[in-house]
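Engineer: Structure provided below as structure tokens; questions to follow.
And the structure:
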């Protein structure tokens, strides 16, 4: 094309035509201040969006949607979209979903995976493709020790949460006899191990349950026979809710506590108000309903409900990817480099997000909170001491 024009029009005419064409392109495609086209880029969201565990993940997806809606409104023509990958919390579904995500070259970053088990399956696929991820809720400590360059964690891990639970049982609940139960998941077992390290001789028994288990009679009997005054459960709501209900029916009146895997509305409703009353959950996240700025009001206006667990965290993590787009980081490699030097304060959480070389959040920014079931809601948020 250029050679033919040169013969017909001459060099001066070429310069004029090229300059005019470049101007036309700029009018058609929105650009960042640095000149990099951002129109049509995507962010993935990976986690259980349907099924029994969705209550822990859908608030975060909504938070991510809110961040993108605000960005698109402020940057006409950007047309960033959120692409959901519904794992249903299953490691079996994680590999094909991760493969689908990396195949879409417009996906420059992923919020998630939400759970530790699915992370162990999906993250090697993301790493091979160089697709950076920031998980808002996968807390198993070993995830940062796999050598995945793309891995970033937006909250503290169970090396912080587990000991905090142990200290809560000792110092707040004053429990002298504790029974430990876990669901054998990457998350549940890892959290239980950290709790046990703190409790030591106060542990009077241990037991395991399985995914989708609905009858817990033998475990309930073991708890009663142990004389335990407190039960720690490592796992997720689908099994914890019927387990707690059966514990109460069996006469157990002591403290029941679990990690953030139980911190959702389903744990309150499925268990039953009377049975869940007084149960305690912890989370490496503050109460989303007390988030900073306009987040709570904007979230409620868009979705008609108060923000749930990790909604504010996912909102802030999505905004980090969007900051990258705004700065012209429109390839996976550029986004990965951007995250490696990122240092900024989340507008909803107030957390300073900056990562160590292994993808862990700066320890100074980690906080653990406890919540108590009261009148059908998670109430009385209390920030727990770090040591």
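Residue numbers (UniProt numbering): 1 to 387. Backbone N, C-alpha and C fix where the C-beta goes; we use that ideal spot for every residue, glycine too.
So, residue 450 versus residue 191, is the Cβ gap smaller than 7 Å?
Structural biologist: Lying before the first or after the last residue shown, residue 450 is absent from the chain, which here runs from 1 to 387.
Engineer: Could you tell me the distance, in whole angstroms, from the CA atom of residue 208 to the CA atom of residue 344?
Structural biologist: For the purposes of this step, residue 208 is taken as residue 208 along the chain shown, with counting starting at 1. For the purposes of this step, residue 344 is taken as residue 344 along the chain shown, with counting starting at 1. Roughly 41 Å between the two C-alpha positions.
Engineer: Under 7 Å, do residue 159 and residue 141 count as touching if we go by C-beta distance?
Structural biologist: Numbered from 1 along the chain shown, position 159 holds the residue referred to as residue 159. Numbered from 1 along the chain shown, position 141 holds the residue referred to as residue 141. Yes, the Cβ-Cβ distance between residue 159 and residue 141 is below 7 Å.
Engineer: I'd like to know if residue 142 contacts chain B, where contact means its C-beta is closer than 7 Å to some C-beta of that chain.
Structural biologist: As a matter of chain content, chain B is missing from the structure shown, which is built from one protein chain.
Engineer: Would you mind stating whether residue 286 and residue 369 have Cβ atoms separated by less than 7 Å?
Structural biologist: For the purposes of this step, residue 286 is identified with residue 286 of the chain shown, where counting begins at 1. For the purposes of this step, residue 369 is identified with residue 369 of the chain shown, where counting begins at 1. For residue 286 and residue 369, yes; Cβs fall inside 7 Å.
Engineer: Using 10 angstroms around the beta-carbon of residue 388, count the other beta-carbons present and answer buried if the total reaches 16, otherwise exposed.
Structural biologist: Since the displayed the chain opens at 1 and closes at 387, residue 388 lies outside it and no answer follows.
Engineer: From which residue to which residue does the alpha helix (DSSP H) around residue 97 run?
Structural biologist: Numbered from its first residue, the chain shown carries residue 97 at position 97. Here the alpha helix (DSSP H) through residue 97 covers 91–103.
Engineer: Tell me the DSSP secondary structure of residue 369 in three-state form.
Structural biologist: Indexing the chain shown from 1 puts residue 369 at position 369. Three-state DSSP puts residue 369 in a strand.
Engineer: Output yes or no for whether 7 Å exceeds the beta carbon distance between residue 91 and residue 111.
Structural biologist: Indexing the chain shown from 1 puts residue 91 at position 91. Indexing the chain shown from 1 puts residue 111 at position 111. No. Outside cutoff.
Engineer: Would you kindly work out how many angstroms separate the C-alpha atoms of residue 333 and residue 48, rounded to a whole number?
Structural biologist: Here residue 333 is taken as the residue at index 333 of the chain shown, counted from 1. Here residue 48 is taken as the residue at index 48 of the chain shown, counted from 1. Rounded to whole angstroms, residue 333 and residue 48 show a C-alpha spacing of 27 Å.
Engineer: When you compare the segment 227–240 with the segment 176–187, are there three or more beta-carbon pairs, one atom per stretch, that lie closer than 8 Å?
Structural biologist: The segment 227–240 is in contact with the segment 176–187.
Engineer: Please state the DSSP three-state secondary structure of residue 207.
Structural biologist: If you number the chain shown from 1, residue 207 lands on position 207. DSSP places residue 207 in strand when its eight states are reduced to three.
Engineer: Which residues in the same chain have their Cβ closer than 6 Å to the Cβ of residue 281, if we skip the five residues on either side of it in sequence?
Structural biologist: As a first step, residue 281 must be located in the chain shown, where it is residue number 281. 258, 262, 263 and 371, listed in sequence order.
Engineer: Apart from the five residues on each side of it in sequence, which residues of its chain come closer than 6 Å, Cβ to Cβ, to residue 329?
Structural biologist: As a working mapping, residue 329 is identified with position 329 in the chain shown. So the list reads 335 and 338, once near-sequence residues are dropped.
Engineer: For the segment 119–180, list the alpha helix (DSSP H) runs that are entirely contained and at least 4 residues long, ordered along the chain.
Structural biologist: 158–167
Engineer: Mind reading off the beta-carbon distance from residue 101 to residue 137? Whole number of angstroms is fine, and I expect it under 8 Å.
Structural biologist: Counted from its first residue, the chain shown places residue 101 at position 101. Counted from its first residue, the chain shown places residue 137 at position 137. The Cβ separation is near 18 Å, so there is no contact.
Engineer: Residues in its own chain within less than 8 Å of residue 296 by CB, not counting five upstream and five downstream?
Structural biologist: The count along the chain shown starts at 1 and reaches residue 296 at position 296. Sequence-distant partners of residue 296 (beyond 5 residues in either direction) whose C-beta falls short of 8 Å from its own C-beta, in its chain, are 288, 289, 290, 306 and 307.
Engineer: Give the DSSP-derived three-state secondary structure of residue 378 in the structure shown.
Structural biologist: Start at 1 with the first residue of the chain shown, and residue 378 comes out as number 378. Note: residue 378 maps to strand in three-state DSSP.
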